[in-house]
Each structure stands twice: as C-alpha cells, then as structure tokens.
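To start, the structure under review is shown below, and the notes come after it.
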C-alpha cells in the first residue's frame, strides 16, 4: 500500500476512532444525563411524595379540626339550648317572685293601713271612752237632779193633793 493509502487509511481510522470515541462519549454523556435525570426524577418523586404526605397530613389535620369544631359547635348549640330552657324557667320564677313581691307589698300596705286604722279606731275608742266616762258622770249628776226634781214634783203633787183636799173640805 502506498503511503498515501496508508495515510488515508490511518486518517480514516483516526476519523473512525474519533467518531467511535465521539459516539461512545455521546453514549456516556447520554448515560450520565440519563442517570442525572433518573436521580433528579427520584428526587422529584421523593419531593412529590413528601409533599403528598404533607398534604395528606395537613388534610387529615384539617379534617380532624373540622370534626372537632363541628363537635364544639354542636356542644355549644346544646349548651345554648339548655341555657335558654334555664333562662325561660328563671323568667317564669322571676315573674312569680315579682307577683309575690307585689302581693306582699299590697298586703303590707293593707296591713299598714289596717294598723293605722286600728290605731285611729283605738284613739277614737279612747276619746269615746273618755267622753263616755264624762257622760256617765253627767248622767249620774242628771239622775240625781231628776231624782231631786221627781222628789220636788212628788212633794208639789202632795201639796196640791192636800190643797185640793182642803179646798174640798172647805166647800
């Protein structure tokens, strides 16, 4: 083979070797890129799985919170209903107590009026008793006076009877 053919063959071999190297390096690069992409995909998958787990945890916590809040709201509603029933019963008791207080105030006013009336009657009774005592004294004096007048009238009547008898005898 001639020098030129050899050089050409060597150049061709060199080009083929370079192309093969280039091709192998391309495979290596593609393999590295593929490994990096797989690694990144695994990392992305791990991050997605972590995010999904975090989302599920958060959703579970939100569901738990919503359930607890619903229970609290239900309990609160029940307590409000119980308090309303108690308030209504208290209102009825208060109305009854107010009625009792008004009745007691009326009775106290009546009793105070009765007590005042009793004191007034007692005072009048004392005045009447004093007047009756004075009247009894006056009556006693008048009885004595009437008895004296009766005695005088009887004496005068006796005198008239004697005078008539004397006139009759004189006739």
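In the working numbering, the protein residues as written are 1 to 171.
Every residue, glycine too, gets a C-beta built ideally from N, C-alpha and C.
| Check | Outcome |
| --- | --- |
| Ends of the alpha helix (DSSP H) at residue 31? | 3-170 |
| Rounded to whole angstroms, what's the CA-CA distance from residue 12 to residue 35? Just pull it up for me. | 33 Å |
| Determine the direct distance from the alpha carbon of residue 79 to that of residue 51, and round the result to whole angstroms. | 41 Å |
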